[in-house]
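Inspection log for the structure reproduced underneath, given as structure tokens.
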Amino acid sequence: MIVVLRAKFESLDEQRKFFVEIKKKLGIGSQKISKLLSLKSRGGLESYTAKRTSPPVWIIKKLFELSGMKLAILFLK
1 MIVVLRAKFE SLDEQRKFFV EIKKKLGIGS QKISKLLSLK SRGGLESYTA KRTSPPVWII
61 KKLFELSGMK LAILFLK
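In the working numbering, the protein residues as written are 1 to 77.
Below is the structure:
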């Protein structure tokens with residue numbers, strides 16, 4: 001069984017804001033970001049931006065690495 005940890009934002013609006021900021025900071029769109037993340041398509045990334053699903057933690061970490069933004073993670077029990 002594979003367990004995928006999902007990122008939890010304070011609100012869905014914060015999640016959308018994060019993905020929009022990443023796109024602006026990198027200066028590229030969903031398609032190119034998806035390629036950098038080795039995703040099969042940009043659909044998943046668009047789902048996170050549109051607030052339909054929560055992104056896996058590994059995607060958030062990778063986006064922080066690519067953008068140079070500081071990462072703050074809160075671990076909850």
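Every residue, glycine too, gets a C-beta built ideally from N, C-alpha and C.
Tell me, which residues are paired with residue i by DSSP?
i, result
"R6", "P56"
Starting from residue i and walking both ways along the alpha helix (DSSP H), at which residues does that stretch end?
i, result
"G44", "43-49"
When DSSP labels each residue in this structure, what does residue i get in the three-state scheme?
i, result
"K40", "coil"
"K70", "coil"
"S34", "helix"
"I22", "helix"
Is the distance from the Cβ of residue i to the Cβ of residue j below 8 Å?
i, j, result
"V20", "P56", "no"
"K51", "L12", "yes"
"S30", "E46", "yes"
"I33", "K24", "no"
"R59", "L37", "It is worth fixing the name first, because residue 59 is Ile in this sequence and not Arg. A contact, by the Cβ cut-off of 8 Å."
"A7", "S54", "yes"
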